[in-house]
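Engineer: This is the structure, below, for whatever I ask next.
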Amino acid sequence: MVKERFLNYTDAIVAIIATIMILELPIPKNASLSALKLAMLPFFAYLLSFLVIWVVWFNHHGLFNSVRKINARVYWYNGLWIFTMSLFPFFTAWVGRYPDKVLPEFSYLSLILLWSISFTLMETELIREKENRLNANDHNRYPRKGYYLIILTGFGVVWFYPVYVLLTILIFLILSIRRQVGPRVVVH
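Residue 1 is where the sequence shown starts when you use UniProt numbering, and the numbers rise one by one after that.
Dropping the structure here:
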């Protein structure tokens, strides 16, 4: 498969999913501050989902920068990654509407876990493909173990404190963004 066509298709779907998510946000019933306040939790859930997609989309592009060959496994793992991402609008709206309920939060966290696993499978297959010349050291998996640990911790806490899932996602985002941006080097 031609890499550019593959990535353009993926980019288009990511853009559509991010657009659909905003359509799920409730419009305040009137122009009062109290009506706006009611829309804040759904907006926060949307913001977290948007940022998660943004961060992982950046990682996706970084992963495919030096890729030369996209085999059938990569194609299907990417399809699984896109499919799980396509569920974000539904689960984001559900969590935004019921942030203190276990089932929406548990389901949202399960989606994040499946999405993360599909990305890891895709990354592993790209590294295995000799033609791609990807170095496993360049795609350091040690931080990913921490992300999985954060997600798995969320599964334990969600039963007692459902809103913790949103905090779990926030921690995941902070760590991911810090890793992407990295330390700033000042040149004198």
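Cβ atoms here follow ideal geometry from the backbone N, Cα and C, with glycine treated the same way.
Values in this document were obtained by computation on a predicted structure and should not be read as measured data.
Check this for me: beta carbons of A31 and I53, under 8 Å apart or not?
Structural biologist: In this structure, I53 does not lie closer than 8 Å to A31 by Cβ.
Engineer: Express the C-alpha separation of M1 and F106 in angstroms, rounding to a whole number.
Structural biologist: If you take the alpha carbons of F106 and M1, they lie about 36 Å apart.
Engineer: Taking C-alpha atoms, which residue in L38, F155, I82, L36 lies nearest to N8?
Structural biologist: The residue with the shortest Cα to Cα distance from N8 is I82.
Engineer: Hey, how far is the Cα of F91 from the Cα of H60?
Structural biologist: Those two C-alpha atoms are separated by around 22 Å.
Engineer: Work out the CA separation of K37 and E125 for me, nearest whole Å.
Structural biologist: Answer to the nearest angstrom: the Cα atoms are 45 Å apart.
Engineer: Alpha carbon to alpha carbon, what distance is there between P28 and Y142?
Structural biologist: Here the model assigns Y142 a pLDDT of 48, short of 50, so the residue's position is not dependable and the matter cannot be decided.
Engineer: Do A39 and P26 count as a contact pair if the criterion is CB distance below 8 Å?
Structural biologist: It is a contact, given that the beta carbons lie within the stated cut-off.
Engineer: Express the C-alpha separation of P162 and E24 in angstroms, rounding to a whole number.
Structural biologist: If you take the alpha carbons of E24 and P162, they lie about 21 Å apart.
Engineer: Hey, how far is the Cα of L41 from the Cα of Y98?
Structural biologist: Using only the alpha carbons, I get a separation of about 9 Å.
Engineer: Among V95, E129, V181, L149, which has the Cα closest to the Cα of I117?
Structural biologist: Answer by Cα proximity: L149.
Engineer: Taking only three categories from DSSP, how would you classify S66?
Structural biologist: Three-state DSSP puts S66 in coil, outside helix and strand.
Engineer: What is the residue span of the alpha helix (DSSP H) that Y102 lies within?
Structural biologist: Residue identity differs from the one stated: residue 102 is Val in this sequence, not Tyr. Per DSSP, V102 belongs to the alpha helix (DSSP H) from 102-128.
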